[in-house]
Amino acid sequence: MRTVIEQLPGSKIREVANAGLGRSDVLAFWFGESDEPTPAFVRDAAVESLRQGETFYSHNLGLPELRAAIARYATALHREIPVERIAVTSSGVNGLMIAMQALAESGDEVVVVVPVWPNLTAQPTILGAGVTRFPLHVQGGAWHLDLQALLATVTLRTRVLLVNSPNNPTGWTLTRGEQQAILEHCRRTRTWIVADEVYERVWFDRGAAETGGRVASSRGESGRLVAPSFLDIAEPEDRLVVAHSFSKSFLMTGWRLGWLVVPGQMTESIGKLIEFNTSCAPVFVQRGAIAALAQAEAFIPGLVERMRGCRDTLLPRLAGLPGVQVALPPGGMYAFFRVEGEDDSLAFAKRLVVEAGLGLAPGAAFGDESEGWLRWCFASSDPSRLVLGVQRLAEALRL
Ligand SMILES: Cc1ncc(COP(=O)(O)O)c(C=O)c1O
36 MRTVIEQLPG SKIREVANAG LGRSDVLAFW FGESDEPTPA FVRDAAVESL
86 RQGETFYSHN LGLPELRAAI ARYATALHRE IPVERIAVTS SGVNGLMIAM
136 QALAESGDEV VVVVPVWPNL TAQPTILGAG VTRFPLHVQG GAWHLDLQAL
186 LATVTLRTRV LLVNSPNNPT GWTLTRGEQQ AILEHCRRTR TWIVADEVYE
236 RVWFDRGAAE TGGRVASSRG ESGRLVAPSF LDIAEPEDRL VVAHSFSKSF
286 LMTGWRLGWL VVPGQMTESI GKLIEFNTSC APVFVQRGAI AALAQAEAFI
336 PGLVERMRGC RDTLLPRLAG LPGVQVALPP GGMYAFFRVE GEDDSLAFAK
386 RLVVEAGLGL APGAAFGDES EGWLRWCFAS SDPSRLVLGV QRLAEALRL
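For the sequence shown, position 297 matches number 332 in the working numbering, and the numbering has no gaps at all.
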């Protein structure tokens with residue numbers, strides 16, 4: 036076994052979840068998904084596909100109809116994205132791994148903005164690349180990027196800059212100005228940008244000037260709410276790969292489907308990598324995705340409003356607890372907070388499960404930079420669970 040594989044850290048979130056094994060009374064907010072199932076119209080399309088006997092291998096890059104639907108969807112949100120730039124992958128995480136396989140090899144430097152979902156730092160590590168962690172810092176209770184320091188870190192030797200925005204776990208989101216500066220800098224250093232934008236639609240900051248968020252107008256023409264994306268500003272030939280997922284905006288975590296937007300000249304190679312990884316995504320899953328995209332603008336705004344309701348239920352209550360530090364996340368589905376005096380997040384999260392029946396993810400799972408913090412996924416069909424969760428936290432803290 037390769038040493039690097041033996042040394043991969045186990046999931047600290049699972050460790051906390053295991054502390055609550057066999058208990059049905061735990062309010063679980065540790066994983067990054069809603070408790071709401073996939074909408075029926077998506078499930079029906081997949082069932083119909085199975086009924087029709089669509090049980091065979093298919094194209095490496097995805098069904099032509101799905102690729103075309105994704106291209107239309109992405110074009111409506113951003114700039115013109117031709118179908119030739121779209122590759123359907125078996126989940127967002129699979130797309131990100133394939134992107135990394137295409138770009139980074141042993142000895143390459145990959146700079147990753149952290150804290151971040153741990154899979155993003157594990158993937159280049161598995162491939163033998165060296166990961167340079169570039170930490171966000173806390174300012175006034177919220178996470179901020181020191182742009183100049185990041186640009187100084189990304190040099191001619193940097194093969195890939197990996198950035199997840201809106202960010203899991205912090206909710207931190209790149210501004211348009213920051214994206215522009217990063218793109219221009221990476222053009223000079225010939226560094227690839229891998230942008231994980233799976234939370235782009237889980238974005239609450241309607242027209243917020245401060246964060247660069249916008250209501251898509253001109254090309255989108257539809258007033259769609261979407262976080263700033265590198266796809267809004269990049270040229271088709273830029274060294275940019277953007278990773279997306281059906282998991283978050285369509286409540287399809289268990290389906291394992293995502294897509295990449297890549298420069299056109301890269302698509303064929305990505306197809307080969309898909310062949311050697313999974314060969315293709317299941318057809319019935321792709322049929323579900325076609326149905327999802329067809330209803331995207333009927334479905335997503337309502338989902339985001341429900342998530343906004345969850346956020347606005349949880350955040351003021353959390354912030355109101357003495358000793359709790361938390362900032363309102365403009366995007367994503369997490370409250371990232373810390374409690375004064377609780378510096379060991381894994382021990383604290385385990386204690387909350389065992390003593391209070393409250394399941395949260397420890398900040399340490401996302402890197403040393405966020406030790407002492409906790410992540411609370413607020414996506415729920417029943418906001419009263421969040422109210423109860425805060426009560427349990429308050430009781431555990433003897434408030
Ligand atoms: C930042 C980020 N990127 C990518 C993913 C991958 O999503 P999936 O593999 O479910 O498509 C997740 C899931 O939690 C995530 O948080």
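We treat Cβ as the ideally placed atom computed from N, Cα and C, and that holds for glycine.
ALA354 versus PRO336 - alpha carbon distance: 26 Å
Pocket of ligand 1 defined by Cβ to heavy atom distance under 6 Å: GLY67, SER126, GLY127, VAL128, TRP152, ASN199, ASN203, ASP231, VAL233, SER280, SER282, THR288 and GLY293
Backbone secondary structure at ILE268 - three-state DSSP: coil
Beta-bridge partners of ILE228, as assigned by DSSP: LEU196 and LEU275
Where GLY337 falls: helix, strand or coil (DSSP): helix
Residue environment, VAL320, which counts as buried when at least 16 other CB atoms sit within 10 Å: buried
Delimiting residues of the beta strand (DSSP E) encompassing ARG373: 369-374
Whole-Å CB distance - PRO298 paired with PRO271, under 8 Å assumed: 6 Å
Where SER280 sits in the DSSP three-state scheme: strand
Proximity of ALA122 and ILE309 at Cβ, strictly below 8 Å: yes
Beta-carbon spacing of VAL173, ALA327 below 8 Å: no
According to DSSP, residues forming a beta bridge with THR124: GLY293
Selected residue, minimal CA-CA separation from ALA370, among GLU377, GLY398 and PHE383: GLY398
Test item: CB-CB of VAL237 and MET342 under 8 Å: yes
Span of the alpha helix (DSSP H), counted from its first residue to its last, around LEU112: 99-112
Of the residues GLU115, GLU68 and LEU131, the one placed nearest TRP294, counting alpha carbons only: LEU131
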